[in-house]
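Before any comments, here is the structure.
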Amino acid sequence: MGFNYAKERRKFEARWKQLRKQYEAAGMSEFAIEQIYLFDLGVFRSERAYVNHTQRLPDVYITDDSANHSTLLQKFKNLWVNFDESEFYSKNGWIDTIENQMLLKKLQQLSIEDLDLLKFIVLEGHTQEELAEKRRCSQRSISKRLKKLIKFLQ
Numbered sequence: 016m017g018f019n020y021a022k023e024r025r026k027f028e029a030r031w032k033q034l035r036k037q038y039e040a041a042g043m044s045e046f047a048i049e050q051i052y053l054f055d056l057g058v059f060r061s062e063r064a065y066v067n068h069t070q071r072l073p074d075v076y077i078t079d080d081s082a083n084h085s086t087l088l089q090k091f092k093n094l095w096v097n098f099d100e101s102e103f104y105s106k107n108g109w110i111d112t113i114e115n116q117m118l119l120k121k122l123q124q125l126s127i128e129d130l131d132l133l134k135f136i137v138l139e140g141h142t143q144e145e146l147a148e149k150r151r152c153s154q155r156s157i158s159k160r161l162k163k164l165i166k167f168l169q
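Residue numbers (the working numbering): 16 to 169.
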């Protein structure tokens with residue numbers, strides 16, 4: 016799962032209860048102990064913020080186990096798409112697996128070049144920069160083409 020704040024805070028406080036006793040036994044002043052505690056608390060909070068804003072995405076193939084580690088995927092479970100590659104008999108065989116008839120009709124109207132662009136970006140996960148390098152054009156032209164495709168498909 017992700018970061019359980021209550022559980023982690025209890026562990027932090029329990030560890031600090033022991034540390035506080037050790038520091039007092041070593042003769043440290045209460046002020047110095049409190050300063051160290053506040054510093055450690057700040058580190059604890061920054062770790063929490065890091066976990067909240069940096070979410071691990073699972074591998075290419077999403078399994079229930081890998082999705083449990085990503086709070087982002089848990090939040091948007093309805094956006095999961097799993098493809099069975101054995102269903103893709105041809106280069107653009109993935110189109111035949113689409114159940115939404117309106118989307119299917121629009122995809123069938125696209126050129127092979129546009130379908131390849133969608134396949135590389137959506138299914139294979141390439142970046143616009145990689146695609147621009149492969150097609151020997153600018154990233155901006157790929158971006159413009161994608162915007163036109165998105166507008167057409169909406």
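We put the CB at the ideal spot given by N, CA and C, even for glycine. All values derive from a computational prediction rather than experimental measurement.
I171, buried or exposed, once every other Cβ within 10 Å from all chains shown has been counted against 16: Since the displayed the chain opens at 16 and closes at 169, residue 171 lies outside it and no answer follows.
message: I believe Q111 touches L164 by the beta-carbon criterion, under 8 angstroms. Please report the beta-carbon distance rounded to the nearest angstrom.
response: Note on identity: in this sequence residue 111 is Asp, with Gln being the wrong assignment. Their Cβ separation, rounded to whole angstroms, is 19 angstroms, which puts D111 and L164 out of contact at 8 angstroms.
- request: Give a yes or no on whether the C-beta atoms belonging to L53 and K121 are separated by under 7 angstroms.
  value: no
- request: Would you mind sorting S153 into buried or exposed? The rule is 16 or more other CB atoms within 10 Å of its CB.
  value: exposed
Element boundaries [alpha helix (DSSP H), containing I165]: 154-168
query: Would you report the Cα separation of F135 and Q143, rounded to the nearest angstrom?
result: 9 angstroms
- request: Express the C-alpha separation of V58 and L41 in angstroms, rounding to a whole number.
  value: Note that residue 41 is Ala in the sequence shown, not Leu. Near 24 angstroms, if we compare the C-alpha coordinates of V58 and A41.
message: On the criterion of 16 or more Cβ atoms from any shown chain inside 10 Å, does M16 qualify as buried, or is it exposed?
response: Only weak support is given to the placement of M16: the predicted model assigns it a pLDDT of 49, under 50, and the question is left unresolved by the model.
- prompt: What is the rounded straight-line gap between the Cα of K162 and the Cα of H68?
  reply: 27 angstroms
query: N67 by DSSP, collapsed to three states: which one?
result: helix
- request: Please go through the same chain and pick out, in chain order, the residues whose beta-carbon is closer than 8 angstroms to the beta-carbon of L118, but skip the five residues on each side of it.
  value: L168
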